[in-house]
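Colleague: Sending over a structure as structure tokens; questions will come in a sec.
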Amino acid sequence: MSTPLRTPMPSAANPDLRLSVEQASYVYAPNPTQAPLFTLEALSFQAKPGEIVAILGPNASGKSTLLKLISGELAPLSGRIFLNGFATHSLPPKTRAQRIALVQQESRLLFPSRVWEFALQGRHAHGRSLRFESEDDVTIAKNALAQVGALHLMDRWMDKISGGEKQRVILARALAQQPLLLLLDEPTLHLDIGAQVDLLDSLRRLAAENRYTVVVVTHELNLTGEYADQVVLLQKGKCLRVGPPATVFQRDLLEQVFQAPLSVEMTSSGRPRVTLFAKK
Amino acid sequence: MRPLTLGRLFLRCGILAVILFVVVVIALKLGAVQVSLYGLGRDLIRVMLRQSSAISTDYGMIVLDIRLPRILLGIVVGASLSVAGTSFQALLRNPLADPYVLGVSSGAAVGAIMALIAENHLSLSPELAGLLTPLCAFVGAAVTIAAVYVLGRREGQIDSGTLLLGGIITASFLNAVIMFLLTVPAGGNLRGAVYWLMGDLSTIPDVKLLGFLFVGFLVAAGVIYTTASDLNLLLAGEKEAMHLGVDVPRVRIVVYIAASILTGLAVSVSGAIGYVGLLVPHVMRLIFGSDHRLLLPVSALGGAIALVIADTLARTVVAPSELPVGAMTAMAGAPLFIYLLRRRLT
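Take a look at the structure:
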């Protein structure tokens, strides 16, 4: 762990800049002599507190790799990724979990646990290793459950609630971490349309209220168009465009990236809407 | 929302400690020679008051020199195996993991036997020789769990089925090594194969050995306990635990080493007693839930209770003859293992 990466960069002086991805790249290779299996080419973008960034792209475009780099799980091969001026990869696990929360596609449990136990897990990074949860921890976990509308599920078992409810509880656990940066990996994947809109509505509200920076990996075009402040469009490991949905959502570009005939129109709210057509 | 508090932890451990005490008293009473409860109580009080000389020699012999040390050995071995099993289950994310099933006990037995053979050939001081056996048993256990861990990994993830098969095959191989070592002339004068393969508590330990075992248990189990809340998060997977703030590599290495020490200690004095580390944590989880801050101490107490009961049965059901205690635990544990395996598959 090199010390220079741990010291805040000048950019930390700018309170409006929270996440800064600077020319970050990554290469998956089973061993150095072989050709790499996958390359994520250097890309850059920045995000402010309260902003929702969507990493958009088809399968195998590098979305998850980029998320792993941002979360600090992987170290970029070149370039740097800063959260409030600290390189995310070089933060110790506990500090990282106090600042970055990740909501993964699904959370498998070996033994059943209650919803409240699950939400309290988010407090782990805020305590010493051997200790019992304080009143504060309980309050924070309850607030987190209330924020996603899951407080009434508190005493239910995790494996006895619906997929949408489970996704909200996983989000509540992430909120209980009280992070600066909230990362979500395909959060709407197994949800029905109503639950998808509910989840994204609460994300937008949470980002505004708690000043989280939210990064969502997704391939949902219309949800991205409706909710994202910024879109990072990826294709086969290349970043094609970064910007607000209105500028990134161009018919030719999206057709080429997603390999499907479509049309883009602007709604009255200035948000793009995509319609797909059959290939014949 | 009722998170665990220190008070609830102590209450539950207290209840189990009382049960353990009752089981110990019954175990002291049962046996080929009948001892009255009154006589037992009177003599135990005399021991505590350091008036051992007032105890009739027959009682003293049977209860204090034979049954009590054996029961204390059962307590420390049962607790060690049970805590080791709980730890392996959390680290490997597999409710079927247990030092015996994974071959770790057999690895410890190989280490212990090699140490005993070496002692016969090198003239070591008794103190050094006494340390060499548990040390080699620990090394045997640690090497085995490392090997099984590597065998059980596929594409960076632990595969439950592969892990169990790898463990069972490793155990089978190591048991063959044990037979070999016990058959060659150098190992011919050691305790027999039944002792090492099935486990047996019939060797009476002296006070110094018991003290060493209890201290070793408290240190290793204490180290594991400091990671209790990390183990809770590891149940959800190593990646997820990492994102919740667990230093996964550190916890993994600390717990593997401490659990190997526990297995090594237990096996070096009692052979490979099976299924305690599988059965006890599972029953405790059903009763108390899967929070390791509670599960680890209640498993230790539960393991002590279970092994004292099993050993009492082993030396009374076929009296005047004796079963190895491992036969008792396997009779109870193997059906449970099959039940758990079937339930996971469906």
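Sequence lines, in order, name chains A and D. The opening position of the first sequence corresponds to residue 0 in numbering that gives the first Met the number 0, with each subsequent residue numbered one higher. The opening position of the second sequence corresponds to residue 0 in numbering that gives the first Met the number 0, with each subsequent residue numbered one higher. Yeah, the Cβ is synthetic: ideal placement off N, Cα and C, and Gly gets one too.
(1) Using the Cβ count rule (16 or more neighbours within 10 Å means buried), how would you classify D:F87?
(2) Given a cut-off of 7 Å on the beta-carbon distance, is the pair D:V245 and D:L234 in contact?
(3) CB-CB under 7 Å to D:R11, same chain, minus the five flanking residues each way: which ones, in chain order?
(4) To the nearest whole angstrom, what separates the beta carbons of D:H281 and D:A227, a pair I think is in contact under 8 Å?
(5) Using the Cβ count rule (16 or more neighbours within 10 Å means buried), how would you classify D:R1?
(6) What would DSSP say about A:P29, mapped onto helix, strand or coil?
(7) In this structure, how does DSSP classify A:K165 when only helix, strand and coil are distinguished?
(8) Let me make sure I understand the geometry here. Which of A:T266, A:S267, A:L232, A:V241 has the alpha-carbon closest to that of A:E254?
(9) From what residue to what residue does the beta strand (DSSP E) around A:G78 run?
(10) Is A:V102 near A:I169, with beta carbons less than 7 Å apart?
(11) Chain D partners of A:G121, CB-CB under 9 Å?
(12) By the criterion of Cβ-Cβ separation under 8 Å, what are the contact partners of D:S171 in chain A?
(13) So what does A:T212 bridge to, in DSSP terms?
(14) Is A:A100 close to the ligand ZN? I mean its beta-carbon at under 6 Å from any heavy atom of the ligand.
(15) Cα-Cα, which of A:L190, A:L179, A:R155, A:Q229 is closest to A:P111?
(16) Assuming the contact rule is C-beta atoms closer than 8 Å, A:E208 and A:R270 should be a hit. Round their C-beta distance to whole Å, please.
(17) Here's the rule I'm using: 16 or more other beta-carbon atoms within 10 Å means buried, otherwise exposed. How should D:P319 be labelled?
(18) Could you work out which residues of chain A lie near D:D246, taking near to mean beta carbons separated by less than 8 Å?
(19) Strictly by DSSP, which residues pair up with A:G242?
(20) Please check if any C-beta of chain C sits within less than 7 Å of the C-beta of A:A143.
(21) In the DSSP output, which residue or residues are listed as bridge partners for D:M327?
(22) Would you kindly check if the distance between the Cβ of D:L173 and the Cβ of D:S105 is under 7 Å?
(23) On the DSSP bridge list, what partners appear for A:L18?
(24) Which same chain residues, not among the five before or five after A:L42, have their C-beta less than 6 Å away from its C-beta?
(25) D:T4 by DSSP, collapsed to three states: which one?
(26) When you compare the CB positions of A:Q97 and A:A124, do they come within less than 7 Å of one another, or not?
(27) Considering only the alpha carbon of each residue, which of D:E237, D:G102, D:A83, D:M47 lies closest to D:V176?
(28) Is it buried or exposed, A:A34, if we count other Cβ atoms within 10 angstroms and call 16 or more buried?
(29) Taking the straight line between their C-alpha atoms, what separation do you get for D:A108 and D:V76?
(30) Using a 10 Å radius around the Cβ and a threshold of 16 neighbouring Cβ atoms, would you call D:Y37 buried or exposed?
(31) Is it the case that the region 250 to 268 of chain D contacts the region 259 to 273 of chain A, given that we only count it when at least three CB pairs across the two stretches are under 8 Å?
(32) Chain A beta carbons: is any one of them nearer than 7 Å to that of D:P204?
(33) Can you list, in chain order, the residues of its chain whose CB lies under 6 Å from that of A:A175, leaving out five sequence neighbours each side?
(34) CB-CB under 6 Å to A:T94, same chain, minus the five flanking residues each way: which ones, in chain order?
(35) Taking D:L15 and D:L300 to be in contact with their CB atoms under 8 Å, please state how far apart those CB atoms are, rounded to whole angstroms.
(36) Could you please give me the residues that DSSP links to A:A100 through a beta bridge?
Modeller: On the basis of the supplied data:
(1) Position 88 of the second sequence, counting from 1, holds the residue named residue 87 of chain D. Looking at its Cβ environment, which holds 16 or more other Cβ atoms inside 10 Å, D:F87 is buried.
(2) Looking up residue 245 of chain D in the second sequence gives position 246. Looking up residue 234 of chain D in the second sequence gives position 235. No; because the gap between Cβ atoms is not below 7 Å, this pair is not in contact.
(3) On the second sequence, residue 11 of chain D is found 12 positions in, with the first residue counted as 1. If we look at D:R11 and ignore the five residues flanking it on each side, its Cβ neighbours are F287, L293, V297.
(4) Taking the second sequence and counting its residues from 1, the one referred to as residue 281 of chain D is at position 282. Taking the second sequence and counting its residues from 1, the one referred to as residue 227 of chain D is at position 228. That pair is no contact at about 18 Å.
(5) Position 2 of the second sequence holds residue 1 of chain D. So D:R1 counts as exposed.
(6) Here residue 29 of chain A corresponds to residue number 30 of the first sequence, with the count starting at 1. A:P29: coil per DSSP, three-state reduction.
(7) Here residue 165 of chain A refers to the residue found at position 166 when the first sequence is read from its first residue. Correct three-state label for A:K165: helix.
(8) Residue mapping note: residue 254 of chain A aligns to position 255 of the first sequence, counting from 1. Per the Cα distances, A:L232.
(9) Within the first sequence, residue 78 of chain A is the residue found at index 79, counting from 1. Counting along the chain, the beta strand (DSSP E) containing A:G78 begins and ends at 77 to 82.
(10) Along the first sequence, one-based indexing puts residue 102 of chain A at 103. Along the first sequence, one-based indexing puts residue 169 of chain A at 170. Yes.
(11) Position 122 of the first sequence holds residue 121 of chain A. Those are L243, listed as they occur along chain D.
(12) If you number the second sequence from 1, residue 171 of chain D lands on position 172. Going along chain A, no residue has its Cβ under 8 Å from D:S171, so there is no contact; the nearest lies around 27 Å.
(13) Translated into the one-based positions of the first sequence, residue 212 of chain A becomes position 213. In the DSSP output, where bridge partners are listed per residue, A:T212 has A:L180.
(14) Within the structure as shown, the ligand ZN is missing, as the structure has no ligands at all.
(15) On the first sequence, position 112 is the one that residue 111 of chain A refers to. Comparing Cα-Cα distances from A:P111 to each of A:L190, A:L179, A:R155, A:Q229, the minimum goes to A:R155.
(16) Within the first sequence, the letter at position 209 stands for residue 208 of chain A. Within the first sequence, the letter at position 271 stands for residue 270 of chain A. Incorrect: roughly 21 Å between the Cβ atoms, too far for contact.
(17) Walking along the second sequence from the start, residue 319 of chain D turns up at place 320. It counts as exposed.
(18) By one-based count along the second sequence, residue 246 of chain D stands at place 247. Chain A residues near D:D246: P91, P92, K93.
(19) The residue you call residue 242 of chain A lines up with position 243 of the first sequence. In DSSP, A:G242 forms a bridge with A:V230.
(20) Judged by its chain identifiers, the structure shown contains no chain C, and its protein chains are A and D.
(21) Counted from its first residue, the second sequence places residue 327 of chain D at position 328. According to DSSP, D:M327 bridges with nothing at all.
(22) Mapped onto the second sequence, residue 105 of chain D falls at position 106. Mapped onto the second sequence, residue 173 of chain D falls at position 174. Closer than 7 Å, so yes.
(23) Reading the first sequence from its first residue, position 19 is the one you call residue 18 of chain A. Answer by DSSP bridge pairing, in chain order: A:A46, A:L82.
(24) Here residue 42 of chain A refers to the residue found at position 43 when the first sequence is read from its first residue. Excluding positions up to five away in sequence, the list reads C238.
(25) Here residue 4 of chain D refers to the residue found at position 5 of the second sequence. Looking at D:T4 - three-state DSSP - the assignment turns out to be coil, as it is neither helix nor strand.
(26) One-based indexing of the first sequence puts residue 97 of chain A at position 98. One-based indexing of the first sequence puts residue 124 of chain A at position 125. Yes. Within cutoff.
(27) Numbered from 1 along the second sequence, position 177 holds the residue referred to as residue 176 of chain D. Ranking the options by Cα distance to D:V176, first place goes to D:G102.
(28) Here residue 34 of chain A refers to the residue found at position 35 of the first sequence. Exposed.
(29) The count along the second sequence starts at 1 and reaches residue 108 of chain D at position 109. The count along the second sequence starts at 1 and reaches residue 76 of chain D at position 77. Spanning the two alpha carbons is a distance of roughly 14 Å.
(30) Residue mapping note: residue 37 of chain D aligns to position 38 of the second sequence, counting from 1. The residue is exposed, with fewer than 16 neighbouring Cβ atoms inside 10 Å.
(31) no
(32) Within the second sequence, residue 204 of chain D is the residue found at index 205, counting from 1. So no, D:P204 is outside the interface.
(33) Here residue 175 of chain A is taken as the residue at index 176 of the first sequence, counted from 1. Result list for A:A175: A118, G121, R122, I139, A140, A143, in chain order.
(34) Within the first sequence, the letter at position 95 stands for residue 94 of chain A. Once the five neighbours on either side are set aside, A:T94 has no close Cβ partner at all.
(35) As a first step, residue 15 of chain D is located in the second sequence; it is residue number 16 there, counting from the start. As a first step, residue 300 of chain D is located in the second sequence; it is residue number 301 there, counting from the start. Sure, about 4 Å apart at Cβ, within 8 Å.
(36) Within the first sequence, numbered from 1, the residue matching residue 100 of chain A stands at position 101. Answer by DSSP bridge pairing, in chain order: A:L181.
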